[in-house]
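Participant: My questions all concern the structure below.
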Amino acid sequence: ARMILLFLLATYYYVLESLIHIQIVDASSSSVAGQDTLVGIVGKDFVMLGADSSCSLRGTLALTASNVDKIHVIRSSNAQQQCIAAAAAGNPADSDRLLGLLRAHAALREYEATGIGSDVECVFVGTNGGSTDGSSSSSSDFPIGLDARAVSHLARTEISSSLRTASSLQVCLLVAGMIREDNCLLQPCLFWLDNTGFQQRVSYGAHGYGSNFIWSILDRNYKPNMSKEEAFQLMTNCFQQLRTRYVINTGPYPPCIKCIDAIHGCTTMQ
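Numbering (the numbering used here), first residue to last: 1 to 270.
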């Protein structure tokens with residue numbers, strides 16, 4: 001009886017482990033990011049985004065391009081607004097469609113707030129805005145247009161609303177930028193979005209099959225308030241591990257790494 005009981009327990013654990021393994025494999029193979037690799041790291045006063053430069057059709061191993069820039073500027077920085085950047089992976093057509101929509105909404109909100117092309121002036125009234133007599137407050141107290149959080153929520157809405165349609169968006173995003181917290185200080189932020197409409201603010205994130213190798217490196221080496229040199233070294237280490245351990249090479253060109261901060265906007269790291 002004891003041997004039969006041990007045999008049944010061993011069979012039960014074997015079947016349970018097999019089911020868990022199948023679920024993990026199915027979840028990994030269903031990622032729309034596929035062979036694209038995206039990495040994001042939040043530093044002390046910046047956000048660093050990295051992406052491979054190769055592109056291939058989903059479901060195939062054929063390389064279609066090897067110098068693709070997958071990190072796009074949604075809104076450039078100037079004296080009145082902060083830069084917003086997004087790294088996209090998945091279907092190239094859906095990525096271009098969604099990023100174009102985000103750029104259009106960001107530009108529209110900027111025009112509405114600044115009054116460009118409109119005869120309506122945006123006036124803030126209240127104690128938080130300074131004056132209570134109806135005079136407009138300075139642009140430093142109230143950000144003009146959309147910030148990174150608003151852009152990520154807009155992207156999540158578009159992705160989730162397209163799930164039950166014939167043209168669902170097969171896109172994964174990393175949205176980065178500087179936002180104002182409750183203390184009115186600019187803080188770096190990074191938002192992780194997948195093709196199901198799930199959104200989460202994270203300190204570091206990754207997309208694609210290569211993220212199976214990258215997550216362990218980020219978990220081990222990431223620390224808060226990293227400098228740009230430390231974040232760049234960590235980002236370089238992630239892509240170097242992919243070239244060493246990943247069965248699919250990341251392409252002949254080096255990965256594209258960009259840094260988003262409050263002073264320089266979006267700059268390419270060398």
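Glycine included, each C-beta is placed from N, C-alpha and C at the ideal position.
#1: So if DSSP puts Y204 in a beta bridge, which residue, or which two residues, is it bridged to?
#2: Report yes if the CB atom of L186 is closer than 8 Å to the CB atom of Q81, and no otherwise.
#3: Which same chain residues, not among the five before or five after L218, have their C-beta less than 6 Å away from its C-beta?
#4: Take every Cβ of the region 67-77, pair it with every Cβ of the region 209-226, and state whether three or more of those distances are shorter than 8 Å.
#5: Alpha carbon to alpha carbon, how far is R2 from L234? Give it in angstroms, no decimals.
#6: Between Q199, Y209 and S168, which lies nearest to R97 when the distance is taken from Cα to Cα?
#7: Express the C-alpha separation of I179 and V39 in angstroms, rounding to a whole number.
#8: One question on the structure: do G50 and Y209 come within less than 8 Å of each other, judged by their Cβ atoms?
#9: Beta strand (DSSP E) containing I159: first to last residue?
#10: Report back the beta-carbon spacing between N195 and V32 to the nearest angstrom; my notes put them in contact at under 8 Å.
#11: Taking 8 Å as the threshold (C-beta atoms), are F198 and R245 in contact?
#12: Check whether the Cβ atoms of P255 and F232 sit closer than 8 Å, and answer yes or no.
#13: In terms of DSSP beta bridges, what is V47 paired with?
#14: Using 8 Å as the threshold, is the C-beta distance between S76 and S66 below it?
#15: Using the Cα positions of I257 and F46, report the straight-line distance between them to the nearest angstrom.
#16: Does T244 come out as helix, strand or coil in the three-state DSSP assignment?
#17: Label V171 either buried or exposed according to how many other C-beta atoms from any shown protein chain fall within 10 Å of its C-beta, with 16 as the threshold for buried.
#18: On the three-state DSSP scale, how would you describe R220?
Facilitator: The short version:
#1: I41
#2: no
#3: Y204
#4: no
#5: 53 Å
#6: S168
#7: 20 Å
#8: no
#9: Taken as a continuous stretch (DSSP letters only), I159 belongs to no beta strand (DSSP E), being part of the alpha helix (DSSP H) at A148 to S161.
#10: 4 Å
#11: no
#12: no
#13: V42 and I260
#14: no
#15: 13 Å
#16: helix
#17: buried
#18: helix
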